[in-house]
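Okay, structure first, notes after.
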Amino acid sequence: SIANSSCHRGYVGIGTEALEGALADDDQLNVPRLGDLKETIDSGTEHGPQHPEVLAGTPLHGPNQLPESPRFRAAWQRYFDEATEASLRAHRGLAVALGLASTWFEDLGDASQDAFMYHLRMLHYPPTSRVKPAPGQPGCGSHTDYGSVTILTDDGQGGLQVKTRSGEWIDISVPPGHAVVNLGDLMAIWSNDRYVSNPHRVVSPPNVDRYSIPFFVEPGFHARVECLPTCQDASNPPLHEPLTAGPYLLSRFDGTHSYRNALLD
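As structure tokens, then:
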């Protein structure tokens, strides 16, 4: 269970995470909401006990809680490594488009901290014909991603929806061998909303199981995130207050995961 982890890693049961309305500008995160009709194993970069951030007690750094099967571990590691490389290519392209050196985001790291935090979720949505939802209970409630870039793959069963700027929900399909790239709240801050953090959700399938694997990339825990110099001028001032990445992520987890309520009491 993720409740047994000091670094937000492990199994998350059905109904224990409530993402509906988890938006960057939402002031209602602590209002009770129906939990999502999904379960997941959350994981991330494996940090050993001698890692500097583990020794310092930095949140979100530590060991995973994964199945012991060697075959599973090998598949997980391969996916994690390939998703990491894909996310680096995405960050390099975004950096160039924003008028920066291609390695600008990577260069945020130094000897004291990694440039990025990586979190991989293995999500399962049971069919609503087998696991009956409560009235109004979403498969995955509407939300924005918290970090900079998300690489998402799924099993082709559909259900992913994105909200357009006109307020319409549209279906998004992921062709085999392809991935969806989402941009998150912190990329919106960096780019001064040149790149928006788009609300999205999942509608649970009625008769089949649905699986997806989102790979979330966030700046290093101590990274200061603020409007880039290339994205502001006298007529286009910063739209967001600067913040520190790690505490922001923790605040989002606090507002959506029921197990964290006990930590806050």
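Per the working numbering, the sequence shown starts with residue 39, numbered consecutively.
Here a beta-carbon is modelled for each residue, glycine too, at the ideal position from N, C-alpha and C.
Going by DSSP, Asp80 is part of the beta strand (DSSP E) stretching over 77-82. Within its own chain, the residues whose Cβ lies closer than 6 Å to the Cβ of Tyr184, once the five positions on either side in sequence are excluded, are Gly222, Asp223, Leu287, Arg290, listed in chain order.
Contact check between the region 40-59 and the region 100-109: three or more CB pairs, one atom from each, fall below 8 Å, which counts as touching.
Boundaries around Thr188 are those of the beta strand (DSSP E), 187-192, since no alpha helix (DSSP H) includes it. Ser39 places its beta carbon less than 9 Å from that of Gly51.
Assignment of alpha helix (DSSP H) within the region 102-153, counting only whole runs of 4 or more residues, yields 108-135 in chain order. According to DSSP, residue pairing for Asp223 in a beta bridge does not occur. One thing to note: Pro97 has its Cβ no nearer than 9 Å to the Cβ of Phe254. The DSSP-derived three-state label of Arg232 is coil. Look at the beta carbons and you see the region 149-157 not touching the region 205-225: under three pairs across the two are nearer than 8 Å. Relative to Ala217, the option among Asp193, Met225, Glu206, Ala139 whose CA is nearest is Asp193.
By the Cβ criterion, the region 191-207 is in contact with the region 236-247, since at least three pairs of Cβ atoms, one from each stretch, lie closer than 8 Å.
Spatial neighbours of His162 in its own chain (CB-CB distance under 8 Å, excluding positions within 5 residues in sequence) are listed in chain order as Lys76, Glu77, Thr78, Asp247, Arg248, Tyr249. Of the candidates Trp228, Trp114, Gly179, Asp271, the residue whose Cα lies closest to the Cα of Glu256 is Trp228.
In the DSSP assignment, Tyr49 forms a beta bridge with Ile79. Judged by their CB atoms, Leu266 and Asn220 are not nearer to each other than the 9 Å cut-off. Apart from sequence neighbours up to five positions away, the residues of its chain that approach Pro176 with a beta-carbon distance below 8 Å are Leu57, Glu58, Leu72, Asp74, Leu75, Arg239, Val240, Val241, Ser242, ordered along the chain. Asp148 has its alpha-carbon roughly 17 Å from the corresponding atom of Ala139. Within the DSSP secondary-structure output, Phe254 pairs in a beta bridge with His157, Thr188. Collapsing the DSSP output to three states places Val92 in a helix. Excluding its 5 nearest sequence neighbours in each direction, Pro171 has C-beta neighbours in its own chain below 6 Å: Leu75, listed in chain order.
In the assembly as shown, Val134 is an exposed residue. Its beta-carbon has fewer than 16 other beta-carbons within 10 Å.
In the DSSP annotation of this structure, the continuous segment of the beta strand (DSSP E) that includes Arg239 starts and ends at 238-240.
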